[in-house]
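Sequence lines, in order, name chains B and D. Basically the working numbering = 1-based index in the first sequence + 1. Basically the working numbering = 1-based index in the second sequence + 382. Built from N, CA and C at the ideal position, the CB exists for glycine as well. Each remark here refers to the structure printed beneath this line.
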Amino acid sequence: MFCKRLLRLVSTIHKPNNSSCYSTNFVKRLHTSATNFEEEAKNGDKQIAPKDAFQQIENKNRNTYIEMVKIFVHRDEKYRRGHVEFIYSALKNMEEFGGEQGSRGLQSPYRRSSKREIHPHKHVPSGIHALPQAAAVYNRPSGTDGGQRCHAGLRDGRFAAQHLRQQGLPFAEVLADDVLDAKVQKPLAVACTRPLPHDIFDLAKYAIERISSVDVNSVVTVYQSSDIKDSIDDTWIVSAQSKTQRRLMQEHNVKEPVYVEGNGNPINYFILRGKPKPIVDEDVDLDDVSKIKVPLFSIKPPVVKHLKVVPSVHEQEDGVIYSVCATGTSSKDSLLSWIRHLEKDGLENLGKVQIVFTLRSGTKEIVNAEDNQSDQHKKIEEN
Amino acid sequence: MFPVFRQISCTLCKQNITRNKRFFKTSTSLNVFWERDDKGGYKDNRPPPSFKEKMRDGLKELKHEIALWSEEVKERFENDPLLIFRPGEVDVKWQFGNEESLKKWIVTSDSDNNEGFSKCSLSLTNDGKGLFSGDLSLRVPKDGRVKRAGYCNMKTIRARKSFKRETHLDWTSYNMLVMRVRGDGRSYLLNINTRGYWDITWNDVYHYVLFTRGGPYWQVAKIPFSKFFLASKGRVQDRQGPIPLNKITSFGITAGERHAGDFSLEIDYIGLEFDPNHTEEFAYEMYKMPKYLVAT
C-alpha cells in the first residue's frame, strides 16, 4: 500500500523529459525527503557551491569577497552544504581579491564554516579528509608562499582551538607549526624581517645595515650625491663604515690602489676594497725539541714578540674591506660621489690613492660604447 | 587423469596471473604505503649504455676501485682510527678548490624533471671556493599536475666503499656542523639524509635552516646536530628523534625560498666539530602525546 502511494507520488511530481532518462534512473528518483523535491523544482541551480563562483565576479576586491562568504552562509544557515568546495574555491581565488596573508576578512571561510555541528566527534571521522578542516590543511602550501608555514586563517591559536576539532589533523598541524615556529625563528636575528620595505631607499638602507651588522661599531650614513660639486647624478648613497675600517683606511699605503667593486650578487651593493694583507702563517713544529730556549741562560730579554694583533673582521682573505655602500642609480658617477663624501669625512687618504672601478654589475650602463678601454678596469685620474 | 588436471590448473593459473597477480593471497595485504621506487618515480630517461660501453667503462672503473680497496686493506691492517676529537678543531669533510671537488656533488633543480623553471650550477670562484648559484623561479608549468615550483639543490654523492658498495658516514664523535660560507642574505635549507634499509626510511632527511647575512664578509655557521629535525618528503614528522649520526648517507643544501630571483652561496668548507660545552641531545619535544593527536 505504502509503495503504491509512493510510486504514485513520484510519477505525479517527476515528469521525465524523455523516456530513456526515466527508464535508466528510475530507482534514483525515489526520493522521500522534501528537500530533494525543492531542489528539483529549482531546475538548473543544482550546484550547492559553484566551482567558478569566485571567477565569475567582475569586480574583484576585498568587499565582494567577504560578501560572497556572507551570501554562502545565509543561503543555508543550518547544514551549510558544499562548504568544503566553497573553501577550496575561496582560498584558490584569494589572491585575486587582493587578500593579504593574515587579514581577518580572509579567515572568514573558516570562521563561517567551521562550526561545532559539522565537526566530527569521533576519532575515525576526524582522520578522514572530507571536512572543512581537511580543506584547511590541504591549502596550507598556499600559506607557505607568503613565508608562513601555516595558513593565515589558522595562525591564531585561539581560533584554531575553538574552531578545529582538537583530535583532528589540522589542529595537530597548527600545534606542530607553533612549536617549530618557536624553535626555528629564534635565530631569526640573522634572517630577514618580514615584510620587507617596499621603498627602494628603505630596502637599500636595511640591506646595508644588515651587511654592516658584522661589526657592531658600524655607522650607516646617508649621503646625497648632489652635495658633491660637478656630480651628474642626483641620488642617495647609503654608506656604512666602522671605526676599525677608518683606521684601516688611514693605515693604507697610498701607493697601492683601492678598488670599488660591485658584487655579482643579486643585490647591487658596492665595496671599497684594498689588497689583502699577507697572511704570515709560520708552520712551527711543536714537537721539535732541538731548539728549546732556556731563559735562565740568556742574558738579553727576547727580542721577538710572539703576540700579534688579532685581525679584524674586515681583513678578509680576498681583500680588506674599507666601506660598503648602495646608491640609487648604481652608476659610476654616484660611486665617485661616495668616494668624495668619504674623503670629506676625514679620510684624506682617498684623495691620494688610485681608485680602480671594477663594476661587474649595475642597473645602468657603466662603460660607454665608444670607449676603447677594457670594459671592466677604468682608472680615475687624481684630481 | 593427472595430465588433464595439470592442463586445467595451468590454464587457471595463467588466467589468474593475467587478471590479478594477488589472486592466491590469503592474508590481508597492505599495498598502500609502501614505496615502489627509491627515487619516487623520478627515473633516468637516458638510454642504458651498450654492452661494449659497459665493459669499457667497467674496466676503467676497476682500476680506481682496486686502488680504493687496497687503501681500505691498508687501513685495516694499520688499525689506527681517530680516537681523540679535540674541541675547537674543525675536521673538514667537504672543501672546494679544484674541479675534482665538484664531482662529489649532484646539482639538481625542478627544471630537470620538467617541474619548474629554476636553474642552478655549482662552480668554482676565482679564489677557489665553491659557488652554488642560479636563478630561482616560482613559475609553475601549466601541466595541471605541478602545484608549486621553485627549488635548487646540491647534494653529495652517497658514501661508499670500494667496488661500489654503499656505506654510511659515521659522525658520532662530533656534535656540530661547521660551515664557512658567504651568502646573499637568503636562507638555505641544510639536509642530512639518513636513508635506511626499509622503505619508510628511504626519505628520512634531517633539516635545519642556514641563515646568511649577505654582503662581502665570510661567516662561519656552527649548527649543533641537536637542532636538526626530521622530515620525510618535505613534511615535518610528528614523531621526532635525534639524528642517527652513524647512519648519514649524504649532505645537501637547498635553495627553496619563496622569493624568486637570483641566488648565490659561496662555500669554503663544510666540516664537523666536537664541542664539549654543547650537551643538548635534541632540541624538540620528545614527550608522549595523547592518542590520535600526532602521527595520525
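Annotation: B/W339 to B/L273 spans about 10 Å, alpha carbon to alpha carbon. Residue nearest to B/E96 within the set B/T236, B/Q56, B/R76 is B/Q56 (criterion: CA-CA distance). Within its own chain, the residues whose Cβ lies closer than 7 Å to the Cβ of B/I356, once the five positions on either side in sequence are excluded, are P258, V259, V261, I340, I381, listed in chain order. Membership of D/A603 in the beta strand (DSSP E) is indicated by the continuous run 601-606. One finds G567, G596 in chain D with Cβ atoms closer than 8 Å to the Cβ of B/A208, taken in chain order. For D/D420, not one C-beta of chain B is nearer than 8 Å to its own C-beta. Counting C-beta pairs closer than 8 Å gives fewer than three between the region 625-635 of chain D and the region 495-513 of chain D, which falls short of the contact rule. According to the DSSP assignment, D/G440 belongs to the alpha helix (DSSP H) that extends over 433-460.
Annotation for D/V472: V560, G653, E655 place their beta carbon closer than 6 Å to its own, counting only its chain and skipping 5 residues before and after. With contacts defined by Cβ atoms closer than 8 Å, D/L513 and D/L484 do not form a contacting pair. 8 Å or more divides the Cβ of B/I238 from the Cβ of B/H315.
Between D/T594 and D/L520, the C-beta gap is not smaller than 8 Å, which leaves the two residues out of contact. In this structure B/A241 is buried. Its beta-carbon is surrounded by 16 or more other beta-carbon atoms within 10 angstroms.
Within 7 Å of the CB of B/I272, the CB atoms of chain D belong to P598, in sequence order along the chain.
Setting aside the 5 residues that flank it on each side, D/I625 is surrounded in the same chain by Y588, F607, F610, each with a C-beta closer than 6 Å to its C-beta; the list follows chain order.
D/R617 and D/H446 have their C-alpha atoms roughly 39 Å apart.
Collapsing the DSSP output to three states places B/A91 in a helix. Secondary structure of D/I630 (DSSP, three-state): strand. A Cβ-Cβ separation of about 13 Å leaves B/K206 out of contact with B/V220 under the 8 Å criterion.
The beta carbon of B/S240 sits no closer than 8 Å to any beta carbon of chain D.
B/F202: not part of any beta strand (DSSP E); member of the alpha helix (DSSP H) spanning 201-212, first to last residue. For B/S214, the chain D residues whose Cβ falls inside 8 Å of its Cβ are R595, in order along the chain. The region 520-536 of chain D and the region 490-501 of chain D touch, with three or more beta-carbon pairs separated by less than 8 Å. Here the alpha carbon of B/D200 sits roughly 49 Å from the alpha carbon of D/R468.
Counted as a single uninterrupted DSSP element, the alpha helix (DSSP H) harbouring B/V74 occupies residues 63-76.
Where B/I340 is concerned, the enclosing alpha helix (DSSP H) starts and stops at 333-345. Chain B has no Cβ within less than 8 Å of the Cβ of D/D586. D/K501 carries a strand assignment under DSSP once its states are collapsed to helix, strand and coil. For D/D509, the chain B residues whose Cβ falls inside 9 Å of its Cβ are E318, D319, in order along the chain. Using a CB distance cut-off of 8 Å, B/R211 counts as an interface residue toward chain D.
Residue environment: B/A91 is assigned as buried (16 or more neighbouring CB atoms within 10 Å of its CB, all protein chains considered). Residue nearest to D/K537 within the set D/P658, D/I574, D/R527 is D/I574 (criterion: CA-CA distance). Under the 10 Å beta carbon count, D/D462 is surrounded by fewer than 16 other beta carbons and is classified as exposed. Judged by DSSP secondary structure, B/A241 falls within the beta strand (DSSP E) whose first and last residues are 237-242. When DSSP reads this structure, D/W580 sits in no beta bridge, so it has no partner. Rounded to the nearest whole angstrom, the CA to CA distance from D/F545 to D/E435 is 18 Å.
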